[in-house]
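Protein sequence lines correspond, in order, to chains A and B. So that you can map any letter, position 114 of the first sequence is 127 in this note's numbering, and since no number is skipped, the others follow by simple counting. So that you can map any letter, position 274 of the second sequence is 275 in this note's numbering, and since no number is skipped, the others follow by simple counting. Positions of the beta carbon are idealized from the N, C-alpha and C atoms, including for glycine. Input: a single structure, listed below in structure tokens.
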Amino acid sequence: MDKEIKIIVIGGSAGSYNVIKKILLALPVGFPLPIVFCLHRLKEVRNGFVESLNINSKIIVREPDDKDLIKPGFAYLSPANYHLLVEPGRNFALSTEDNINYSRPSIDLTFDTAGYAFRQKMAGIILSGANSDGAKGLYSAFKNGAYTIVQDPDNASFKAMPMEALKLFKPHQTLSDDEIVSFINSLSSNNYV
Amino acid sequence: MEDISLKDIKRVIDTIYLTRGVDFSNYAFSSFKRRIKRFLEMNKIRDVNGFIEKIKDESEFADIFIKEVTVNVTEMFRDPSFWVVLRDKVIPSIKFDHSLKIWHAACSTGEEVYSMAILLKEAGLLNNAEITATDINKHVLKVATKGLYQIRNQEINSKNYEAFGGKGNLSDYYTLGDNTVQFDKQLVSNVDFLCHDLALDSSPGKFDLIICRNVLIYFNFDLQEKVLQTFVQSLSKDSYLGIGSKESINWCRSARAFEEVSFEEKIYRKTSDNL
Ligand SMILES: C[S@@+](CC[C@H](N)C(=O)[O-])C[C@H]1O[C@@H](n2cnc3c(N)ncnc32)[C@H](O)[C@@H]1O
């Protein structure tokens, strides 16, 4: 694997919340990479989610505004009712276009645009979920050189999302939630400058 | 679908500019690219060269592309708390002369214009208002002028109206058709619907309040700056600008003309002309 990962992008839906809490709990202060969470969430509830993720997280979780720079050491959460895209200039962009594959935010779109912007410098992880969003996007990032991980369906509360990805291509690794946490932590030691 | 190359995207942009005079060169890259890909997929077009020839030769086809490539999704009272702050704080503090002048910049199919008209009507101000509603897309303006909407969109609209704390039911303002609802035309009798391009056209007048939500997200930094300059020119002193809940003008040079009125709802007051 290319040791020079510059961004971690994680897609999750039903059953992914606990894995995400685990990841955030494990990350040390000063974690040197940006982590982007594209998560399915209620459209009409703007407040509360990011606050709940910040509890017990040592790094700050933010909902980015349009065109915000992607900074190392922060976690970012897709805002309610918007698609979250990554621009080649390595900042975010938002969109209100219709649901894609029944979802807004569309995990496909976040993976796809981040993969285009970061290529082999991205690590993409797909977690538990009860639908098919994310698979195509992660595959497109994979084709652009991204390092890809799928949560082991047997370890996921809802298998559909990981299964859909595994149907489409063979990711670099299929891991349990704990292994995913260790993987992310291992990226940090490779990246301290 | 294969990825579309940067070179081909540029060729599409150049062709549209030369043949139709619409300038997409300063649109945000990722969403614009996604919209081109979506258009090609929907129309089952695989040959990009043929596609570019077609937008060059067939103006009607090019116009359909222009309409489809921009995002027109909208709803009434989107982010109800934004409309609450407008109703309770912003509008009461505007000291207008003869009429309250409002510009809905890039109003799409007009849902926000009707939202504003309903808000003003319930505040007893509708007859004092002069509203200019503009968009680059003639098709959406036609829909807005008619006030005829799909019935399936009314669920979210009604939910938003309720969360906004409207005085009645949203259905008080429309009559039911087969699959449609017809909003009361009286609501928009003081509205001018005009075709206006934020990228190329100059200011359409002076206003007490400009609403431009979820439009700047489709533009890059340069175009955002340019549009914000147009807004500064179009606002009188102590008048207001409202943008989308996740948009930001903070990094723009022209943001210096404004102070923040509501951080949560992204509402600003113009305090000076100095840029
Ligand atoms: C997503 S809609 C905004 C809807 C509404 N304000 C809301 O937030 O619900 C964006 C609108 O911007 C318009 N638009 C795009 N480029 C434009 C331009 N250069 N000048 C004027 N309008 C433009 C599109 O036609 C579209 O109707």
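Just the chain A side, please: which residues come within less than 7 Å of N215 of chain B by C-beta, in chain order? Chain A residues near N215 of chain B: T109.
Rounded C-beta distance between S145 of chain A and G28 of chain A? I'm assuming under 8 Å. The pair is not a contact, with the Cβ atoms about 15 Å apart (cut-off 8 Å).
On a Cα-Cα basis, can you pick out the residue from A:L179, A:P184, A:A143 that is closest to N157 of chain A? For the residues A:L179, A:P184, A:A143, the minimum Cα distance to N157 of chain A belongs to A:P184.
Short check: CB of P47 of chain A to CB of K71 of chain A, under 8 Å? The Cβ-Cβ distance between P47 of chain A and K71 of chain A does not fall below 8 Å.
Residues from the stretch 58–79 of chain B in contact with chain A, defined by Cβ distance under 7 Å: Within the stretch 58–79 of chain B, the residues whose Cβ lies closer than 7 Å to some Cβ of chain A are V72, V74, listed in chain order.
Would you say E113 of chain B touches ligand 2, meaning its beta carbon is less than 7 Å from a heavy atom? The model depicted lacks ligand 2 and carries ligand 1 instead.
Could you compute how far the alpha carbon of V115 of chain B sits from the alpha carbon of C213 of chain B? The amino acid at residue 115 of chain B is misidentified as Val; the sequence shows Tyr. Each residue's alpha carbon lies about 15 Å from the other.
Is the number of C-beta pairs between the stretch 129–148 of chain B and the stretch 189–203 of chain B that are closer than 8 Å three or more? Two segments are said to touch when three or more pairs of C-beta atoms, one from each, lie closer than 8 Å; by this definition the stretch 129–148 of chain B touches the stretch 189–203 of chain B.
Excluding five sequence neighbours on each side, which residues of the same chain lie with their C-beta closer than 6 Å to the C-beta of S255 of chain B? Same-chain partners within the cutoff: L229, Q230, V233, L276.
Indicate the three-state DSSP secondary structure (helix, strand or coil) for N104 of chain A in the structure shown. Three-state result, N104 of chain A: strand.
Exposed unless 16 or more other CB atoms sit within 10 angstroms - verdict on A78 of chain B: Just to set this straight, residue 78 of chain B is Phe in the shown sequence, not Ala. Within a 10 Å sphere around the beta-carbon of F78 of chain B sit 16 or more other beta-carbons, which makes this residue buried.
Can you give the beta carbon distance from T123 of chain A to V49 of chain A, rounded, assuming they're within the 8 Å contact cut? That belief holds up - the Cβ atoms of T123 of chain A and V49 of chain A are roughly 7 Å apart, short of 8 Å.
Within this structure, are the beta carbons of V70 of chain B and F40 of chain B separated by less than 8 Å? Cβ atoms of V70 of chain B and F40 of chain B: closer than 8 Å.
Flag P92 of chain A as yes if its beta-carbon sits less than 8 Å from any beta-carbon of chain B, otherwise no. Answer yes: the Cβ-Cβ gap between P92 of chain A and chain B drops below 8 Å somewhere.
CB contact flag (K247 of chain B, D79 of chain A, <8 Å): Against a cut-off of 8 Å, the Cβ pair of D79 of chain A and K247 of chain B comes out as a contact.
Just to check, is the beta-carbon of N215 of chain B closer than 7 Å to a non-hydrogen atom of ligand 1? It does: the Cβ of N215 of chain B is within 7 Å (strictly closer) of some heavy atom of ligand 1.
How is W252 of chain B classed by DSSP in three states: helix, strand or coil? When DSSP states are grouped into helix, strand and coil, W252 of chain B belongs to the coil group.
Residues of chain A with a CB under 8 Å from the CB of K8 of chain B: which are they? Ordered by position in chain A, no residue passes the 8 Å Cβ test against K8 of chain B, which lies about 14 Å from the chain.
Proximity to S116 of chain A [Cα-Cα], best of A:V32, A:P92, A:S170, A:V22: Residue nearest to S116 of chain A within the set A:V32, A:P92, A:S170, A:V22 is A:P92 (criterion: CA-CA distance).
For a cutoff of 8 Å on Cβ pairs, would you count F194 of chain B as touching chain A? It does not; no Cβ of chain A falls within 8 Å.
Count the C-beta pairs between the stretch 125–140 of chain A and the stretch 55–63 of chain A that are closer than 8 Å, then say yes if the count reaches three, no if not. No contact exists between the stretch 125–140 of chain A and the stretch 55–63 of chain A.
Beta-carbon neighbours of Y115 of chain A, restricted to chain B and to distances below 8 Å: Correct list: empty, because the minimum Cβ distance to chain B is about 15 Å.
What did DSSP end up calling Y115 of chain A once you bin it into helix, strand or coil? Residue state, collapsed to three classes: coil.
Along the alpha helix (DSSP H) that carries K60 of chain B, what are the first and last residues, could you check? Here residue 60 of chain B turns out to be Ser, not Lys, going by the sequence shown. Run containing S60 of chain B: 60–70, per the alpha helix (DSSP H) assignment.
Since E100 of chain A meets chain B, which of its residues come closer than 7 Å, beta carbon to beta carbon? Those are A29, F30, S31, listed as they occur along chain B.
Name the chain A residues that come within less than 8 Å of F222 of chain B, Cβ to Cβ? Under the 8 Å cutoff, chain A gives K80.
What do you get for H99 of chain B, buried or exposed, if any count of 16 or more other CB atoms within 10 angstroms of its CB means buried? Label assigned to H99 of chain B: exposed.
When every heavy atom of ligand 1 is checked, does at least one fall within less than 7 Å of the C-beta of H96 of chain A? The nearest non-hydrogen atom of ligand 1 is 7 Å or more from the C-beta of H96 of chain A.
Quick check: what's the CA-CA separation for N191 of chain B versus S237 of chain B? So the two alpha carbons sit approximately 20 Å from each other.
Measure from the C-beta of K247 of chain B to each C-beta in chain A and report whether the shortest distance is under 8 Å. K247 of chain B counts as touching chain A.
Which one or two residues does DSSP pair with R75 of chain A in a beta bridge? R75 of chain A pairs with A:Y89.
Using the C-alpha atoms, what's the distance from L179 of chain A back to F222 of chain B? C-alpha separation (whole angstroms): 38 Å.
Taking 8 Å as the threshold (C-beta atoms), are L82 of chain A and N104 of chain A in contact? Cβ distance < 8 Å, so N104 of chain A and L82 of chain A count as in contact.
Proximity test, I5 of chain B beta-carbon vs ligand 1 heavy atom, cut-off 7 Å: Relative to ligand 1, the beta carbon of I5 of chain B is positioned no closer than 7 Å to any heavy atom.
Taking the alpha-carbon of D239 of chain B as reference, which of B:F97, B:R35, B:N27 has the nearest alpha-carbon? A check of alpha carbon separations from D239 of chain B across B:F97, B:R35, B:N27 identifies B:F97 as the nearest.
Apart from the five residues just before and just after Y205 of chain A, which ones in its own chain have a Cβ nearer than 7 Å to its Cβ? Residue confidence is low: Y205 of chain A scores 45 on pLDDT, short of 50, so the model does not pin down where it sits. Its coordinate-derived value is still stated next. If we look at Y205 of chain A and ignore the five residues flanking it on each side, its Cβ neighbours are P45.
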